[in-house]
Amino acid sequence: MKECIFCKIVKGEIPSASLIENETVMSFLDINPVNHGHALVIPKKHVETLIEAEQAVLENCILTARQVAEAILGATGAEGFNILQNNGRCSGQVVPHLHFHVIPRWSDDGFSLGWRQGRYEDNELDSLLEDIKQRL
Ligand code: AMP
71 MKECIFCKIV KGEIPSASLI ENETVMSFLD INPVNHGHAL VIPKKHVETL
121 IEAEQAVLEN CILTARQVAE AILGATGAEG FNILQNNGRC SGQVVPHLHF
171 HVIPRWSDDG FSLGWRQGRY EDNELDSLLE DIKQRL
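In this text, residue positions in the sequence shown follow our numbering: the first is 71, and each later residue adds one.
Listed below in structure tokens is the structure:
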């Protein structure tokens with residue numbers, strides 16, 4: 071089986087534009103940035119999605135993402151940023167190793183998430199609400 075590209079980065083087997091790392095997490099610049107300064111934050115231990123990650127590692131990921139975001143804002147003068155995190159191919163996840171995108175944003179940067187504004191019919195919301203709540 072082909073080894074995960076982000077595991078190879080963690081092991082130093084392929085180069086990355088590394089920003090910061092600590093015991094369980096590392097961050098590096100995305101090789102094909104949405105905007106300059108676009109970074110990724112990953113756990114060093116391979117897990118595919120958010121669901122499999124350990125709590126302490128996740129906490130480290132999100133705190134590192136905030137730290138990296140602040141530095142990117144300072145370095146690029148971005149007006150804001152997105153934290154994006156895809157789970158599964160259907161969601162747009164291409165690299166099957168958990169990662170958080172930190173994307174600097176400007177109001178005129180031409181990037182759009184194409185957010186859709188759906189709606190619920192009849193009692194769809196109530197039954198789904200109950201189903202989800204039962205599982206929490
Ligand atoms: P996703 O679609 O959420 O799986 O995003 C994967 C991201 O990883 C994409 O934005 C790629 O540009 C980025 N990527 C893939 N390979 C590398 C690499 N070797 N170094 C840095 N970023 C990478």
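Just so it is clear, CB atoms sit at the ideal spot from N, CA and C, and this is done for glycine as well. Computed from a predicted model, the values in this text were never measured in an experiment.
Residue from the options with nearest C-alpha to residue i
i: Thr-146; options: His-167, Ile-132, Trp-176; result: Trp-176
i: Glu-149; options: Gln-155, Asn-156, Ala-141; result: Ala-141
i: Asn-92; options: Asn-130, Lys-72, His-116; result: Asn-130
i: Leu-128; options: Phe-170, Ile-101, Pro-103; result: Phe-170
i: Leu-89; options: Gly-82, Leu-206, Pro-103, Leu-99; result: Leu-99
i: Phe-181; options: Ile-101, Val-117, Asn-152; result: Asn-152
Proximity below 8 Å, CB of residue i to CB of residue j
i: Ala-126; j: Val-172; result: no
i: Gly-158; j: Thr-119; result: yes
i: Ser-86; j: Val-138; result: no
i: Asn-105; j: Asp-178; result: no
i: Leu-168; j: Ala-123; result: yes
i: Leu-133; j: Pro-174; result: no
Cβ-heavy atom distance, residue i to the ligand AMP, below 7 Å
i: Ile-101; result: yes
i: Phe-181; result: no
i: His-169; result: yes
i: Leu-110; result: yes
i: Phe-151; result: no
i: Asn-156; result: yes
i: Ile-121; result: no
i: Val-164; result: yes
i: Ser-86; result: yes
i: Ile-75; result: yes
Handout entry: Sufficient close CB pairs (3 or more, under 8 Å) joining the region 159 to 171 to the region 186 to 203
Key = In this structure the region 159 to 171 does not lie against the region 186 to 203, because fewer than three pairs of beta carbons, one per stretch, are closer than 8 Å.
Practice task
Flag this pair as touching only if the region 76 to 85 and the region 111 to 128 have three or more C-beta atom pairs under 8 Å; answer yes or no.
Solution key: Yes, they touch.
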